[in-house]
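A short write-up of the structure that comes next.
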Amino acid sequence: MDIYQFLRDNQVSFQSFEHPPVLTIEEANQLDIEIPGMPTKNLFLRDGKGKKHWLWVGADDENVDLNALSQTLEVKRMSLGSSDRLAKYLSSEPGRVSLLDIFRAEPHQVTLLITQKVWDSETLHCHPYANTATLEVNTEQLKPLLLSMGNEVKVLS
């Protein structure tokens, strides 16, 4: 899927910023470019039995407590998904997980968990299926797509 064309076709405004490959928020923060909007971080999670999967998206200054999150979601145990599961469910790999990966997930396979801070942001940052660019995406225009993609969306307060 050409994510740039997909966003254009669905009237989602974005601006692209090319940069050297980055694997972590720390590396991204070292880049000498100013990107407007909210930087995000993303985690691919699974339950203890590997039957449920989530894509957690938060602001770069937010942390996730997996024990508290598992209680909120009424799941016995949550952990990071393996690189094999990440490839299978989101067609992604460690170091380039992005909110936009949810558009490559099969319906009803991955639940999107997005923090209220990110959900309420005017624009947010995400990789366009590669860690050599960052998109600043209009959040309000993206929301209808996220809500209609066939995977559950939960906004976490």
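Take the position in the sequence shown, starting the count at 1, then add 48; the result is the number in this note's numbering.
Glycine included, every Cβ here is placed at the ideal spot set by N, Cα and C.
In this structure, DSSP gives V201 an extended state, which the three-state scheme calls strand. If you draw a straight line from the Cα of N199 to the Cα of Q157, it comes to about 7 Å. As far as DSSP is concerned, F54 takes part in no beta bridge. Closest in alpha carbon position to L195, among I162, N179, L183, L172, is I162.
Here S127 is near L114, since their CB atoms are less than 8 Å apart. Nearest to K165 by C-alpha distance, out of H67, P68, M86, is M86. Uninterrupted alpha helix (DSSP H) stretches at least 4 residues long and entirely within the region 149–204 occur at 164–167, 187–195, given in chain order.
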